[in-house]
Amino acid sequence: MIHQYQLNGYNIVLDVNSGSVHCVDDLAYDIIALYQTTEKQQIINKMLVKYAAVPEINKAEIIEVLDDLAGLKKTEKLFTPDIYQSKAFDFKNRSTMIKALCLHVAHTCNLNCQYCFASQGKYHGERACMSFEVGKQALDFLVANSGEMTNLEVDFFGGEPLMNWNVVKQIVGYGRKIQKEHQKNFRFTLTTNGMLIDDEVIEFANNEMHNVVLSLDGRKKVHDHFRKTFDGSGSYDLVVPKFQKFVKMRGDKNYYVRGTFTHNNTDFTNDILHMADLGFNELSMEPVVCAPDDPYALQEEDLPQLYGQYELLAQEMIKRNKSGKGFTFYHYMIDLEAGPCIYKRISGCGSGTEYLAVTPWGELYPCHQFVGDPKYSMGDVWQGVTNTELQTQFKLCNAYARADCQGCWARLYCSGGCAANAFHATGSIKGTYEYGCKLFLKRIECAIMVKVAEATLDSTATE
Amino acid sequence: MKRIQTIATRNLKQSAQTGGCGECQTSCQSACKTSCGVANQQCEKYIGQNK
Ligand code: SF4
Ligand code: SF4
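Protein sequence lines, in the order shown, are assigned to chains A and B.
Take the position in the first sequence, starting the count at 1, then add 1096; the result is the number in this note's numbering.
Take the position in the second sequence, starting the count at 1, then add 1126; the result is the number in this note's numbering.
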């Protein structure tokens, strides 16, 4: 299977199963489109007609392209058959090591963001904070179930995790203590709205957190529209200076400034550029996921504009990169040479298998998005995963298990997408969230185009 | 190949032999987790090598 598309002056051809990417000229682009379905002679005739006005294109040229394509096919860089399907179903028997936990250290929040999927941190339940005892048990549970795996990830999540900061620090301290004796390496991460950031938080986080995720929606007006304090005022002016200080002190350690866009700011590229102008250069901006009848839900008719925004962003990034003022946009970070192996690409996020969420009370859920839904309760940190039937369902939930993904060229870039989105959109974790897919396809096209632009160093196409 | 430029990519078929260790970062795609899809991940085996 191949996928071919034209963007920003480039003709791009992706060979889905080998992961190869080709940048081709118009003649090769047209021939590739016909190659698998049309006789050679017919292709030659068609091309001679189409390019009759182009003197350099003659029969010999066309034959040369056909030969090149035959060579690429032979070396499995084009039209490569799918040999992975059979592997995907072995996944049922794969081991169930756990390597990542999302610790809901605080089911409470100090902001009152209207679009919050966790309903202001409470996950439709009681306000609560995790005790150190539960956190400690969660790390013991993780170590005990991680087998040979060295790198263990623990994300401090909420609600707002800084509202339970002392426990976070205790859990980190405990992790550092036990990691040596068990030959593990904890990678802690923190997702915060910024309200409680102070010098002490910055110092501790910069020493101990592998990554921090800072929530900012972009321009002040946009940010303040949703991200309000409980007295109804916006939080932009409170958090921006804190984030700037945090990032400045962070040196070369990882961080992301991330936002959410909604129907209210379908020109979200301006928000990303605003963040870049504030001095942040590791950025992410996500489409809101909410009930379709919410007033800020993204609409079908927003799509053309959103596509346009993704293209604009890609072009702007190429430009800024060239002028030395580049920034990273999370979705366009794609490492073509050192990206994930095929196993990872088929299995995806690992929710319910290698990744679990832990509530303040120590209950286990397949991931943070299922927390609070009793049907998805999987066990607890003392007894471990007791709902093995649910675990098996998640194990089998991969790019090849979803009917909609079978014909999709992007399945090895998204691995079938988010089970939680699928569940919320279709009622089944094996469904697909169609709107999300549409945006994803566009983003991958743009991301690969940026890589092609870098690789071909063709300055003319972007001007 | 003057009309086709092939960009360097990881050979996925080969990765079926060499990959699968599971040490790389988990890849939640949800918005609140900054959408770390598999596409924007790096293989742990390469981190610190070429980069
Ligand atoms: S670290 Fe690399 S080889 Fe190992 S599972 Fe991840 S992508 Fe595959
Ligand atoms: S199911 Fe979705 S929200 Fe949950 S871990 Fe996977 S990608 Fe993230």
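Backbone N, C-alpha and C fix where the C-beta goes; we use that ideal spot for every residue, glycine too.
Practice prompt. Give a yes or no on whether the minimum CB-CB distance between D1164 of chain A and chain B is below 9 Å.
Written response: In the first sequence, counting from the first residue as 1, residue 1164 of chain A sits at position 68. So yes, D1164 of chain A belongs to the interface.
Fill in: Supposed close pair E1382 of chain A, R1354 of chain A - CB separation, criterion 8 Å
Taking the first residue of the first sequence as position 1, residue 1382 of chain A is located at position 286. Taking the first residue of the first sequence as position 1, residue 1354 of chain A is located at position 258. Rounded, the Cβ-Cβ distance is 7 Å, consistent with contact.
Practice prompt. With hydrogens ignored, establish whether the beta-carbon of N1350 of chain A is closer than 8 Å to any heavy atom of ligand 2.
Written response: Residue numbering aside, residue 1350 of chain A sits at position 254 when the first sequence is read from its first letter. False, no ligand heavy atom lies under 8 Å from that Cβ.
Worksheet item: Are there three or more Cβ pairs, one per stretch, closer than 8 Å when the stretch 1392-1408 of chain A is compared with the stretch 1469-1477 of chain A?
Response: no
Fill in: Close beta carbons around T1287 of chain A, own chain, < 6 Å, minus the five adjacent residues each side
Looking up residue 1287 of chain A in the first sequence gives position 191. Once the five neighbours on either side are set aside, the close Cβ partners of T1287 of chain A are F1253, V1309.
Worksheet item: Looking at the structure shown, is M1291 of chain A part of a helix, part of a strand, or coil, going by DSSP?
Response: The residue you call residue 1291 of chain A lines up with position 195 of the first sequence. Of the three classes helix, strand and coil, the one that applies to M1291 of chain A here is coil, per DSSP.
Worksheet item: By the criterion of Cβ-Cβ separation under 7 Å, what are the contact partners of E1530 of chain A in chain B?
Response: To locate residue 1530 of chain A, count along the first sequence from 1; it is residue 434. Ordered by position in chain B, no residue passes the 7 Å Cβ test against E1530 of chain A, which lies about 15 Å from the chain.
Practice prompt. Output, in chain order, the set of chain B residues within a Cβ distance shorter than 8 Å of L1123 of chain A.
Written response: For the purposes of this step, residue 1123 of chain A is identified with residue 27 of the first sequence, where counting begins at 1. Per Cβ cutoff of 8 Å: R1129.
Item to complete: Can you pull the chain B residues whose beta carbon is under 8 Å from the beta carbon of N1260 of chain A, in chain order?
Response: Taking the first residue of the first sequence as position 1, residue 1260 of chain A is located at position 164. Here the premise fails: no neighbours, minimum Cβ distance about 18 Å.
Item to complete: Name the one or two DSSP bridge partners that A1224 of chain A has.
Response: Within the first sequence, residue 1224 of chain A is the residue found at index 128, counting from 1. Bridge partners of A1224 of chain A: A:H1203.
Worksheet item: Just to check, is the beta-carbon of A1516 of chain A closer than 8 Å to a non-hydrogen atom of ligand 2?
Response: For this step, residue 1516 of chain A is matched to residue 420 along the first sequence. Yes, the beta carbon of A1516 of chain A sits closer than 8 Å to at least one heavy atom of ligand 2.
Discussion item. Against chain C, with Cβ distances strictly below 9 Å, would A1149 of chain A count as a contact?
Written reply: Reference to chain C is not applicable here, since the protein chains of this structure are A and B.
Worksheet item: By Cβ distance below 7 Å, which residues in the same chain neighbour A1124 of chain A in space, the five residues on each side in sequence not counted?
Response: Within the first sequence, residue 1124 of chain A is the residue found at index 28, counting from 1. The residues are V1161.
Practice prompt. In the DSSP assignment, find the alpha helix (DSSP H) that holds A1543 of chain A and state where it starts and stops.
Written response: As a first step, residue 1543 of chain A must be located in the first sequence, where it is residue number 447. Element bounds for A1543 of chain A: 1530-1552.
Fill in: Per DSSP, cross-strand counterpart(s) of A1453 of chain A
Numbered from its first residue, the first sequence carries residue 1453 of chain A at position 357. DSSP output for A1453 of chain A lists A:C1198, A:Y1461 as bridge partner(s).
Worksheet item: Where in the stretch 1377-1444 of chain A do unbroken runs of the alpha helix (DSSP H), each at least 4 residues long, occur, reported from the N-terminal end onward?
Response: 1399-1418, 1438-1443
Worksheet entry | Length of the line joining the Cα atoms of T1135 of chain B and I1430 of chain A | By one-based count along the second sequence, residue 1135 of chain B stands at place 9. By one-based count along the first sequence, residue 1430 of chain A stands at place 334. C-alpha separation (whole angstroms): 11 Å.
Worksheet item: Residues bridged to D1251 of chain A by DSSP?
Response: Along the first sequence, one-based indexing puts residue 1251 of chain A at 155. Paired residue(s): A:C1198, A:T1285.
Worksheet item: Where do the ends of the alpha helix (DSSP H) carrying Y1037 of chain A lie?
Response: Given that chain A is displayed from residue 1097 to residue 1559, the structure contains no residue 1037 of chain A and the question cannot be resolved.
Worksheet item: If you compare alpha carbons, which of A:R1498, A:R1441, A:P1388 is closest to A1521 of chain A?
Response: As a working mapping, residue 1521 of chain A is identified with position 425 in the first sequence. The shortest C-alpha separation from A1521 of chain A is found at A:P1388.
Worksheet item: Whose Cβ in chain B lies nearer than 7 Å to the Cβ of C1445 of chain A?
Response: Numbered from 1 along the first sequence, position 349 holds the residue referred to as residue 1445 of chain A. Those within 7 Å of C1445 of chain A in chain B are T1152, S1153, C1154, Q1155.
Fill in: Beta-ladder partner(s) of V1481 of chain A, from DSSP
Along the first sequence, one-based indexing puts residue 1481 of chain A at 385. A:G1475, per the DSSP bridge assignment.
Worksheet item: Candidates A:I1368, A:D1164, A:E1530, A:N1377: which alpha carbon is nearest Q1340 of chain A's?
Response: Taking the first residue of the first sequence as position 1, residue 1340 of chain A is located at position 244. Closest by alpha carbon: A:N1377.
Worksheet item: For G1330 of chain A, which option in A:M1345, A:D1313, A:L1492, A:V1343 has the closest C-alpha, if you only look at C-alpha atoms?
Response: Numbered from 1 along the first sequence, position 234 holds the residue referred to as residue 1330 of chain A. Per the Cα distances, A:D1313.
Discussion item. My output table needs one value for G1115 of chain A: the three-state DSSP class, helix, strand or coil.
Written reply: On the first sequence, position 19 is the one that residue 1115 of chain A refers to. Reduced to three states, the DSSP call for G1115 of chain A is coil.
Discussion item. Assuming contact is defined by CB atoms lying nearer than 9 Å, are H1118 of chain A and T1132 of chain B in contact in what I supplied?
Written reply: Position 22 of the first sequence holds residue 1118 of chain A. Position 6 of the second sequence holds residue 1132 of chain B. Going by C-beta atoms, H1118 of chain A is nearer than 9 Å to T1132 of chain B.
Practice prompt. Would you tell me roughly how many angstroms separate the C-alpha atoms of Q1132 of chain A and Y1531 of chain A, rounded to the nearest one?
Written response: Taking the first sequence and counting its residues from 1, one reaches residue 1132 of chain A at position 36. Taking the first sequence and counting its residues from 1, one reaches residue 1531 of chain A at position 435. Using only the alpha carbons, I get a separation of about 30 Å.
Discussion item. Can you list, in chain order, the residues of its chain with a C-beta nearer than 7 Å to that of S1555 of chain A? Leave out the 5 residues immediately preceding and following it.
Written reply: As a working note, residue 1555 of chain A is residue 459 in the first sequence. Legend: pLDDT at S1555 of chain A = 41, less than 50; position of this residue unreliable, value from coordinates given subsequently. Excluding residues within five positions, none has a Cβ falling inside 7 Å.
Practice prompt. Please state if the CB of K1526 of chain A and the CB of A1499 of chain A are separated by a distance shorter than 9 Å.
Written response: Within the first sequence, the letter at position 403 stands for residue 1499 of chain A. Within the first sequence, the letter at position 430 stands for residue 1526 of chain A. Yes, Cβ-Cβ distance for A1499 of chain A and K1526 of chain A is below 9 Å.
Discussion item. Could you check whether the Cβ of Y1451 of chain A sits closer than 8 Å to any heavy atom belonging to ligand 2?
Written reply: Position 355 of the first sequence, counting from 1, holds the residue named residue 1451 of chain A. Y1451 of chain A: yes, Cβ under 8 Å from ligand 2.
Worksheet item: Nearest to V1548 of chain A by CA position, among A:G1105, A:D1348, A:A1518, is which residue?
Response: Taking the first sequence and counting its residues from 1, one reaches residue 1548 of chain A at position 452. Of the listed residues, the one whose Cα sits closest to V1548 of chain A is A:G1105.
Worksheet item: Which of helix, strand or coil does DSSP assign to Q1168 of chain B?
Response: As a working note, residue 1168 of chain B is residue 42 in the second sequence. Note: Q1168 of chain B maps to coil in three-state DSSP.
Worksheet item: Going straight from the alpha carbon of F1466 of chain A to that of D1251 of chain A, what length do you get?
Response: Position 370 of the first sequence, counted from the start, is the residue given in the question as residue 1466 of chain A. Position 155 of the first sequence, counted from the start, is the residue given in the question as residue 1251 of chain A. So the two alpha carbons sit approximately 16 Å from each other.
Worksheet entry | Any non-hydrogen atom of ligand 2 closer than 8 Å to C1212 of chain A Cβ | In the first sequence, the residue the question calls residue 1212 of chain A occupies position 116. No, since every heavy atom of ligand 2 falls outside the 8 Å radius drawn around the Cβ of C1212 of chain A.
Fill in: Enclosing beta strand (DSSP E) for Y1101 of chain A [first to last residue]
Numbered from 1 along the first sequence, position 5 holds the residue referred to as residue 1101 of chain A. 1098-1103 is the span of the beta strand (DSSP E), which, as asked, contains Y1101 of chain A.
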